[in-house]
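If you're matching positions, the sequence shown starts at 1 in this note's numbering and goes up one per residue.
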Amino acid sequence: MMTWLKSRITKKLVIGLIVAVVAIVWLVNARAGGQAAKFETATVARKDLAQAVSASGKVKAQEQVDLKFQTSGLLTWVGVEEGDRVKKWQAIAKLDTRELQKTLEKYLIDYSGQRNDFEETWRVTYGGKRPEQALTDTVKRILEKNQWDLQKAVLDVELKDLAVRLATLTTPIDGIVTHIDTPYAGINITPATAVFSVANPKAMLFKANIDEADVTKVKEGQEATVALDAFPEEKFTGKISKVNFEAITTKGGGTAFVTEVLLPENTDLRFKIGLNGEMEVATAKRENVLVVPSEAVYAKNGTNYVKVLADDKVSEVAVTTGLETDQEIEILTGLTSGQKVITSEKK
Numbered sequence: 001m002m003t004w005l006k007s008r009i010t011k012k013l014v015i016g017l018i019v020a021v022v023a024i025v026w027l028v029n030a031r032a033g034g035q036a037a038k039f040e041t042a043t044v045a046r047k048d049l050a051q052a053v054s055a056s057g058k059v060k061a062q063e064q065v066d067l068k069f070q071t072s073g074l075l076t077w078v079g080v081e082e083g084d085r086v087k088k089w090q091a092i093a094k095l096d097t098r099e100l101q102k103t104l105e106k107y108l109i110d111y112s113g114q115r116n117d118f119e120e121t122w123r124v125t126y127g128g129k130r131p132e133q134a135l136t137d138t139v140k141r142i143l144e145k146n147q148w149d150l151q152k153a154v155l156d157v158e159l160k161d162l163a164v165r166l167a168t169l170t171t172p173i174d175g176i177v178t179h180i181d182t183p184y185a186g187i188n189i190t191p192a193t194a195v196f197s198v199a200n201p202k203a204m205l206f207k208a209n210i211d212e213a214d215v216t217k218v219k220e221g222q223e224a225t226v227a228l229d230a231f232p233e234e235k236f237t238g239k240i241s242k243v244n245f246e247a248i249t250t251k252g253g254g255t256a257f258v259t260e261v262l263l264p265e266n267t268d269l270r271f272k273i274g275l276n277g278e279m280e281v282a283t284a285k286r287e288n289v290l291v292v293p294s295e296a297v298y299a300k301n302g303t304n305y306v307k308v309l310a311d312d313k314v315s316e317v318a319v320t321t322g323l324e325t326d327q328e329i330e331i332l333t334g335l336t337s338g339q340k341v342i343t344s345e346k347k
């Protein structure tokens with residue numbers, strides 16, 4: 001009987017102790033949590049802060065040309081394919097020049113005839129005398145007409161000779177043939193239907209549209225970092241080579257300025273036309289400054305504030321801010337390193 005009684009008392013004591021411990025732990029946790037349990041917080045800390053402008057864009061060739069014939073005609077020869085390397089002034093395509101050649105020959109004959117007529121008229125008119133002694137008004141008009149006919153014949157020959165030479169399309173740059181509208185001979189073409197594109201792969205650039213709100217922060221000569229989708233583990237450094245003076249309207253209806261960044265030399269042809277990516281330009285930098293998350297700062301009556309959590313109490317503190325990025329804000333006055341600031345309420 002006594003043994004049973006002692007056993008029951010022991011069990012009650014154990015259960016009582018367990019309940020007491022649970023209660024104490026709950027009270028401690030409740031007190032420790034307090035206000036802190038209601039909010040998400042961040043610690044004020046010192047770090048380097050950089051403000052940057054970013055924009056998406058594509059890789060382009062710095063030197064690229066679209067070549068077209070000056071006239072329509074029969075395409076008789078195409079000497080390149082897409083991807084071929086070409087040298088400066090190399091011929092890449094040709095139109096049928098048979099009619100042009102015959103016309104040129106005709107004009108050369110006309111020129112020879114006009115030249116003979118002019119020289120004969122001159123010889124007969126002057127007869128060994130000085131021009132001022134031989135010229136009458138009638139003779140003068142005859143000579144002038146012969147002179148004009150001769151000049152016209154010269155121009156006809158020069159124009160047809162130029163047309164013959166323009167019937168052969170040449171590239172003005174070294175490079176790679178990137179596009180051909182009409183790759184096969186034997187087709188009648190117009191200047192609009194036979195475009196040959198050549199790009200110099202050695203000098204490539206990244207072309208992006210900088211929003212009008214940020215364009216005053218960038219200028220030629222600034223260093224920029226380019227991240228390309230094709231090389232997710234790498235970043236390429238270059239300098240801004242151009243910021244357009246005239247704005248464009250983007251597809252979304254916004255206003256932007258075309259900006260170009262010269263990429264490193266493309267010796268191994270890693271940079272290809274059309275690669276997508278994003279450029280970033282550091283516009284301001286601060287070292288070892290107090291920083292808080294952007295969501296911790298709010299404005300009220302023209303003054304910036306943060307809410308500080310200390311000793312389980314929340315207090316509103318006025319702060320002076322400095323450099324801002326998309327995620328963080330520099331704090332000039334009002335806070336010290338290590339303080340806890342509220343960023344949001346817990347849901």
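Glycine included, C-beta positions come from ideal geometry on N, C-alpha and C.
CB contact flag (residue i, residue j, <8 Å)
{"i": "L323", "j": "R270", "result": "no"}
{"i": "G79", "j": "I92", "result": "yes"}
{"i": "Q222", "j": "K239", "result": "yes"}
{"i": "V44", "j": "V292", "result": "yes"}
{"i": "A52", "j": "E280", "result": "yes"}
{"i": "A256", "j": "I210", "result": "yes"}
{"i": "K348", "j": "E40", "result": "Nothing can be reported for residue 348: it is not among the residues displayed for the chain, which extend from 1 to 347."}
{"i": "L75", "j": "L95", "result": "yes"}
{"i": "G334", "j": "V319", "result": "yes"}
{"i": "D48", "j": "N304", "result": "no"}
{"i": "V314", "j": "I273", "result": "no"}
{"i": "T190", "j": "W89", "result": "no"}
Residue i: first and last residue of the uninterrupted beta strand (DSSP E) it sits in
{"i": "L332", "result": "328 to 333"}
{"i": "Q64", "result": "45 to 67"}
{"i": "S294", "result": "First-last for S294: undefined, no H or E at that position."}
{"i": "N200", "result": "196 to 211"}
{"i": "S315", "result": "313 to 324"}
{"i": "P304", "result": "Rather than Pro, the amino acid found at residue 304 in this sequence is Asn. Note, N304: beta strand (DSSP E), 303 to 310."}
{"i": "L74", "result": "73 to 78"}
{"i": "F257", "result": "255 to 262"}
{"i": "S344", "result": "340 to 345"}
{"i": "K38", "result": "Segment: none, K38 is in no beta strand (DSSP E) and carries neither H nor E."}
{"i": "I240", "result": "236 to 243"}
is_contact[residue i, chain C] using C-beta, thresh 8 Å
{"i": "R270", "result": "Although the question refers to chain C, the structure presented lacks it and comprises just one protein chain."}
Member of the options whose CA lies at the smallest distance from the CA of residue i
{"i": "E233", "options": "A199, G277, A203", "result": "G277"}
{"i": "E295", "options": "Q327, V261, D312", "result": "Q327"}
{"i": "T97", "options": "T250, E40, W77, E220", "result": "W77"}
{"i": "D181", "options": "T171, T193, I173", "result": "T193"}
{"i": "Y298", "options": "D311, G83, T283, V317", "result": "V317"}
{"i": "T259", "options": "L290, G253, T170, V226", "result": "V226"}
With 16 other Cβ atoms within 10 Å as the buried cut-off, status of residue i
{"i": "S344", "result": "exposed"}
{"i": "T237", "result": "exposed"}
request  = Count the CB pairs spanning the segment 257 to 269 and the segment 201 to 218 that are closer than 8 Å, and state whether there are at least three.
outcome  = Note that the segment 257 to 269 touches the segment 201 to 218; at least 3 beta-carbon pairs, one per stretch, sit closer than 8 Å.
ask   = Between the segment 242 to 259 and the segment 190 to 199, do at least 3 Cβ pairs fall closer than 8 Å?
value = With a cut-off of 8 Å, the segment 190 to 199 and the segment 242 to 259 do not count as touching, because too few Cβ pairs lie within range.
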